[in-house]
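Undergrad:
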Amino acid sequence: MNVFRLAGDMTHLLSVVVLLLKIHTIKSCAGISLKTQELYAVVFAARYLDLFVHFVSLYNTVMKLVFLASSFSIVWYMKRHKIVRRTYDKDHDTFRHYVLVLPCLLLALLINEKFTFREVMWAFSIYLEAVAIFPQLVLLQRTRNIDNLTGQYVFFLGAYRVLYILNWIYRYFTEPHFVHWISWVAGIVQTLLYADFFYYYIMSWKNNVKLELPA
Amino acid sequence: PAEEKKHDEL
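Residue numbers (our numbering), protein chains in the order written: chain C, 1 to 215; chain P, 216 to 225.
Put into structure tokens, the structure is as follows:
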């Protein structure tokens with residue numbers, strides 16, 4: 001475990017906590033894409049299949065449980081909670097996310113570390129995570145109103161990805177044969193998706209103006 | 216045997 005990875009995991013945890021906090025306290029999920037949250041729940045379900053079969057560390061197990069619980073409870077809130085579900089902007093959150101799931105599944109069948117169910121599901125979760133933010137970014141473009149917590153949510157997610165890239169660089173130089181092309185390529189693609197959002201987020205923060213994404 | 220490749224990252 002290195003400082004970049006720990007910081008990345010904590011930032012990732014923070015993004016989820018900020019989102020749960022938003023939904024739980026103000027009982028609203030306005031501006032949040034349910035599609036993205038569903039994709040994240042699938043990502044964690046597919047990636048943490050080995051939760052009970054192969055123990056890495058207490059930290060690893062606890063964090064997996066936290067990510068699973070939080071992603072599924074966010075989906076539950078947005079779909080089932082009688083108050084929150086009414087604030088869900090379903091008219092704008094129309095990105096057909098199965099368009100993302102199928103290609104990721106096919107790619108995982110083609111490119112994986114080992115053609116076993118667990119490895120294919122792991123690769124699928126890596127590819128799906130790379131594109132999971134897409135419906136959320138599309139929703140932000142459409143509604144153009146980015147409230148603070150939603151902006152912070154996307155910002156923390158992007159920061160977690162940048163920190164993970166630093167973690168891979170660190171591990172590459174400190175651990176022999178640490179090569180994970182699948183995670184690296186998908187991780188870089190995912191981080192690039194955030195790049196333009198980062199630009200507008202930082203510009204708006206610097207000029208102290210409301211965050212507006214160009215149409 | 217090579218230690219099974221572990222996915223030790225989240």
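Virtual Cβ for every residue (Gly too), placed ideally from N, Cα, C. Keep in mind it's a predicted model, so treat the numbers as computed, not measured.
Judging by CA-CA distance, which residue of C:Ser-183, C:His-92, C:Val-42, C:Phe-197 is the nearest neighbour of Ile-32 (chain C)?
TA: Ranking C:Ser-183, C:His-92, C:Val-42, C:Phe-197 by Cα distance to Ile-32 (chain C) puts C:His-92 first.
Undergrad: Suppose the cutoff is 7 Å on Cβ atoms and the five residues either side in sequence are ignored; what does the same chain contact list for Ala-159 (chain C) look like?
TA: Around Ala-159 (chain C): Thr-11.
Undergrad: Going by CA-CA distance only, name the one from C:Val-185, C:Lys-210, C:Arg-144, C:Asn-207 that's closest to Ala-251 (chain C).
TA: The displayed coordinates of chain C run from 1 to 215. Any statement about residue 251 (chain C) would go beyond what the structure contains.
Undergrad: Among C:Ala-7, C:Arg-85, C:Phe-134, C:Ile-26, which residue has its Cα nearest to the Cα of Leu-192 (chain C)?
TA: Of the listed residues, the one whose Cα sits closest to Leu-192 (chain C) is C:Phe-134.
Undergrad: So within the stretch 170-195 of chain C, which uninterrupted alpha helix (DSSP H) runs reach at least 4 residues, ignoring any that extend past its ends?
TA: List check, alpha helix (DSSP H) in window: nothing returned.
Undergrad: Kindly indicate which residue of C:Thr-36, C:Glu-212, C:Val-131 has the alpha-carbon position closest to the one of Ser-143 (chain C).
TA: Contrary to the premise, residue 143 (chain C) reads as Thr rather than Ser in this sequence. For the residues C:Thr-36, C:Glu-212, C:Val-131, the minimum Cα distance to Thr-143 (chain C) belongs to C:Glu-212.
Undergrad: For Ala-221 (chain C), tell me which candidate among C:Arg-171, C:His-177, C:Leu-137 has the shortest Cα-Cα distance.
TA: Absent from the model: residue 221 (chain C). The displayed extent of chain C is 1 to 215, so no value can be given.
Undergrad: Given this structure, state the Cα-to-Cα distance separating Asn-26 (chain C) from Leu-225 (chain P), to the nearest angstrom.
TA: It should be noted that the sequence gives Ile, not Asn, for residue 26 (chain C). The straight-line gap from Cα to Cα measures roughly 29 Å.
Undergrad: Which residues, taken in chain order from the stretch 117-138 of chain C, show a beta carbon closer than 8 Å to some beta carbon of chain P?
TA: Cβ contacts with chain P come from Trp-122.
Undergrad: Do the stretch 36-43 of chain C and the stretch 65-83 of chain C make contact, defined as three or more Cβ pairs closer than 8 Å?
TA: Touching, yes.
Undergrad: For Glu-175 (chain C), count neighbouring Cβ atoms within 10 angstroms of its own Cβ and tell me buried if that reaches 16, exposed if not.
TA: Looking at its Cβ environment, which holds fewer than 16 other Cβ atoms inside 10 Å, Glu-175 (chain C) is exposed.
Undergrad: Using a 10 Å radius around the Cβ and a threshold of 16 neighbouring Cβ atoms, would you call Ser-15 (chain C) buried or exposed?
TA: Per the 10 Å Cβ criterion, buried.
Undergrad: By the criterion of Cβ-Cβ separation under 9 Å, what are the contact partners of Arg-85 (chain C) in chain P?
TA: Those do not exist, as Arg-85 (chain C) stays about 29 Å from chain P at its closest Cβ, beyond 9 Å.
Undergrad: Counting Cβ pairs closer than 8 Å, one from the stretch 99-107 of chain C and one from the stretch 53-67 of chain C, do we hit at least three?
TA: The stretch 99-107 of chain C vs the stretch 53-67 of chain C: no contact.
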